[in-house]
Every structure is written in structure tokens, then in C-alpha cells.
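Novice: Below are the C-alpha cells for one structure; questions will follow.
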Amino acid sequence: MPQLAQRMGRAKPSAIMVVAETAQRLKAEGRDIISFSIGVPNFLPGEHVYAAARQALEADSGQYGKNRGADAVLDAFIGHLGRLGLDGYTRANCATGVGAKHILYNLAEALLDEGDGLAFATPYWTSYMDIAEIVGADIQLLPCPAEQDYKLTPDQLDAALAKKPKVFLFNNPSNPTGMVYTKDEIAALADVVVRHPDTWIVTDDIYNMMVFDGVGYHNFVHARPELRDRVIFVDSLSKTYGMPGWRVGLMAGPEVVAQAVTIMNSNHITSLPEVVSAAAVAALSGPQDVPVERCAEFQAKRDQVVAALNAIPGVVCPVPQGAFYAFPDISVAFGKSHSGKVIDNDVEFCAALLEAKGVACVPGSAFGEPRGLRISYTCPTPQLAPGLARIQEFFAELS
Ligand code: PLP
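Mapping the sequence shown onto the UniProt record's numbering, position 365 (from 1) lands on 365, and the numbers just tick up by one.
Put into C-alpha cells, the structure is as follows:
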């Protein structure tokens, strides 16, 4: 029998989906499950998005669209960039994709030859590792533990870029930690980046509208505009606009990179569907009250989550200032037992918590930090307090 390609030996299904599916199965079996596992926003976009999609359906041309993305989508995205203070981008700097994941995959293929260096911080969003492995990148991990608030320091970045990776992949706000870099922190990192001209910077900022405490969203290009030639900004409608299933990803960067993504599109997907494009234009250029209101709601939930976790003796949860995740260090539980079973690591911790208390979380090792645990707090608000109470009970019962 013929064999699969060697790269399939490096590709594996998403660890996050495995937990989500176990939780769904237990629920279907009648168990009372509270899921803090999957990172879906749990709200829908405004009616104007559906109205635009319906209108596009009525007027459907049945044709392929442009490989780069419809002009109207690119223009609406350029307007969104302007609201973020990222001015001066033209259609030639931008491209669309089937979600940010697809944009990131296209960028990996467009920027990295097999064996090229790719640097990124841990904890990282799971797919960074998977995509890097599929394209055969030489991965350089930059450990950012809870003791440094899961944030990369300028010295760490300097040492990493001195090894001349082809790409540095940055994520702000972060999935899985919810950490947000302040204006000064971004400025300090940008100063380092300026000194290393051989590296592309891919900045995955898809949670840019979900930032709390007035910290604001800051990008390397805000700090050092001359980096525009090397910084590739990645965005998505999935999280901030409550549209994960619509699959809209966007990028802005140097023309040569946007053109490369356009060429990849011409070979992979041809174009986004017309109806999806109409919905994207409405989301990006219509009223912005849904993302703004949801951000305020997530900030209140964040307060509840962090207070509950930091009240558990030995658990350390740096305060997230964006997205909808918390990432406590739960290593205090390792070596202890629950219901007669010893918990040796994060995976066993998550399995025991799900079994004993019906609470689903994702083990930190899925993000390269096995001392952690990701809590996605997008569940309906009434489930939040009981879910957190169950986690507290679980810790109290450890012996
Ligand atoms: N980047 C980060 C940091 C994410 O958390 C996710 C989704 O969870 C993505 C990219 C992919 O988003 P999309 O739904 O647009 O493919």
C-alpha cells in the first residue's frame, strides 16, 4: 500500500478539540458538564451582519471572487486598521483567508522553507506548533513561565533574534494566557526587533478588540513605524465579532507578503464566498457595539475567574488583561491524590477534574506549558460561579 507523506507523521489533531469532544460525549451521556475548554466566543454578531448576508444571497452572482478578497472586504478591513491606529495600508498590503488559522498556514508556507528558523514564546496557541511541524520549520521556543507573567522580555527576544530565525511569531493578546503587552512593553520589544533586520515578524493579534482595564492595544508598527516593512499583522472576525463559523481571516503587511498569500489563495481556496464577504463587510464597517459590549462582559467575568483561582492555596494565576482565557499555574496539585488516584501532571489533573466534578479545561501541555491549565470563560454567565466553585472543591479534596 502506498504511504502518506512524511509530513503527516508530524501532523496531529488539535489537543483542544480532543478535550471538547470528551466533554460533549459525557454531556450526551447525561453528565452535568461545565465546559471551560473551547475558545468560542459564545455570542452572535448584530442583525446588520445577517441582513447583509441575506441581501448577498438574494443577489448571488454564483461566481468566483478575487483571490486576495473582495475589494469591499479589503476596504472595510483598512477602515478597521485605521480604528486601531494602523494607518496607510492599501488593498495591495492586505489579503483575506478562511480564518486566521488559514492565513497563518499560508504565511508559514510563504515565508518558511523546510529547516528555516521560527521563534515563538511558550505558552503558545496550539496550532503554532502544529503548523510549524507540518511545514518542517526549525522551532525555537522562548519559555515565558507564570513567574514572568507569561510575557516575553526584551533580553529574551534579543537572544532569540540573534540566532536569526526567519520568522518571529508573536501573539497579543495571548491565547492561552490572556496576557496583553502594555504600550511600554511593546515599545521595548520593538526596539529589539529593529536591531535584527533579517527576521519577519508575524503578529497574531486577533483579540485586539478584547483588551481590558484601559490598557489599550499596541502593535510593533505603532511603536516603530519603520517596522512596517517586516511586520505582518493577522486578524480575524472569529472572536471579537462572534463569527467563528463564518471563517474570515485577514492580514496586512508588506505588499510582497500580501501578494504571496493571494497566490496561495489562488491555489488553495480561490476566494472567500460572496455571502461571507458581505457579512464581513457589515461586521467591520457597521456598528461596533457588539464587540465593545462583549469586551466589558468578559472583563467582569475575568475578575470572577481570577479571584476564584487566586483564592486557592498554591495556585498562581497572573491577571489576564484580554481575550477570554485564564491560565493558572496548578503545579501545586502534582503528586497529590484525588479519589485515591495520584495526579502526576496536567493531563491527569484535567482528566480527574472532569471525572470528579464535570468541569472541562484544557491541559497546559497543549500550549507547551505543562504546569498550567487553560480556562476559557466564555460559558453562559450563570455557569461560571458553579464551575469555579467545583474547581475550588476539587483542590480542597486533594490529599
Ligand atoms: N490565533 C489565535 C491566537 C487563536 O486563538 C485562534 C483561534 O482560537 C486563531 C488564531 C484562529 O482563528 P480563526 O478562527 O480565525 O481561524
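For each residue, glycine too, the CB sits at the ideal point set by N, CA and C.
Output yes or no for whether 8 Å exceeds the beta carbon distance between Asn93 and Glu226.
Specialist: Your numbering for residue 93 matches position 93 in the sequence shown. Your numbering for residue 226 matches position 226 in the sequence shown. Contact: no.
Novice: Quick one: any contact between the stretch 254–269 and the stretch 286–297, if contact means 3 or more CB pairs under 8 Å?
Specialist: Contact between the stretch 254–269 and the stretch 286–297 is absent, because fewer than three Cβ pairs lie under 8 Å.
Novice: Whose C-alpha, out of Cys144, Ala280, Ala360 and Gly115, is nearest the C-alpha of Gly99?
Specialist: For the purposes of this step, residue 99 is taken as residue 99 along the sequence shown, with counting starting at 1. Answer by Cα proximity: Ala280.
Novice: What are the boundary residues of the beta strand (DSSP E) that Pro143 is part of?
Specialist: Residue 143 sits at position 143 when you count from the first residue of the sequence shown. Pro143 -> beta strand (DSSP E) spans Asp138 to Pro143.
Novice: Who are the Cβ neighbours of Leu399 in its own chain at under 6 Å, not counting the five residues just before and after it?
Specialist: In the sequence shown, counting from the first residue as 1, residue 399 sits at position 399. At residue 399 the sequence reads Ser, which differs from the Leu that was named. Same-chain partners within the cutoff: Ser337.
Novice: Tell me the rounded alpha-carbon separation between Asn345 and Ala311.
Specialist: On the sequence shown, position 345 is the one that residue 345 refers to. On the sequence shown, position 311 is the one that residue 311 refers to. If I take the Cα positions, the gap works out to 21 Å.
Novice: If you drop the 5 nearest sequence neighbours on each side, which residues of the same chain put their C-beta closer than 6 Å to that of Gly242?
Specialist: Residue mapping note: residue 242 aligns to position 242 of the sequence shown, counting from 1. Taken in chain order, the residues that qualify are Pro41, Phe43, Leu44 and Pro45.
Novice: Taking DSSP's pairing of strands, which residues face Asp363 in a bridge?
Specialist: By 1-based counting over the sequence shown, the position of residue 363 is 363. According to the sequence provided, residue 363 is Pro. The question's Asp does not apply to it. Answer is Leu373, bridged to Pro363.
Novice: Count the other CB atoms within 10 Å of the CB of Pro318; is the residue buried (16 or more) or exposed (fewer)?
Specialist: Position 318 of the sequence shown, counted from the start, is the residue given in the question as residue 318. With 16 or more other Cβ atoms within 10 Å, it is buried.
Novice: Answer yes if the stretch 24–41 comes into contact with the stretch 49–65, meaning at least three C-beta pairs across the two stretches below 8 Å, and no otherwise.
Specialist: Output reads no: the stretch 24–41 does not touch the stretch 49–65.
Novice: For Glu274, is the classification buried or exposed, using 16 other Cβ atoms within 10 angstroms of its Cβ as the cut-off for buried?
Specialist: In the sequence shown, counting from the first residue as 1, residue 274 sits at position 274. Burial call: buried.
Novice: When the distance is taken between beta carbons, is Arg390 closer than 8 Å to Ile33?
Specialist: The residue given as residue 33 occupies position 33 in the sequence shown. The residue given as residue 390 occupies position 390 in the sequence shown. No, Cβ-Cβ distance for Ile33 and Arg390 is not below 8 Å.
Novice: Would you list, in sequence order, the uninterrupted alpha helix (DSSP H) runs of no fewer than 4 residues that lie entirely inside the stretch 33–83?
Specialist: Correct list: 47–58 and 71–83.
Novice: Give the DSSP-derived three-state secondary structure of Gly117 in the structure shown.
Specialist: Taking the sequence shown and counting its residues from 1, the one referred to as residue 117 is at position 117. Three-state DSSP puts Gly117 in a strand.
Novice: Going residue by residue through the stretch 273–327, where are the continuous alpha helix (DSSP H) segments of at least 4 residues, counting only ones entirely within it?
Specialist: You should have 274–285 and 289–310.
Novice: In chain order, what residues place their C-beta within less than 6 Å of a heavy atom belonging to ligand 1?
Specialist: Having a Cβ closer than 6 Å to some heavy atom of ligand 1 are Gly39, Gly99, Ala100, Lys101, Trp125, Asn171, Asn175, Asp204, Ile206, Ser236, Ser238, Pro244 and Gly249.
Novice: Closest to Pro154 by CA distance: which of Ile139, Lys166 and Phe170 is it?
Specialist: Translated into positions along the sequence shown, residue 154 becomes position 154. Comparing Cα positions, the closest option is Phe170.
Novice: Tell me where the alpha helix (DSSP H) around Phe212 begins and ends.
Specialist: The sequence position of residue 212 within the sequence shown is 212, counting from 1. Neither: Phe212 is in no alpha helix (DSSP H) and is coded neither H nor E.
Novice: Runs of 3 residues minimum, wholly inside the stretch 138–205: which ones carry the beta strand (DSSP E) assignment?
Specialist: Complete beta strand (DSSP E) runs here, min 3: 138–143, 167–171 and 200–204.
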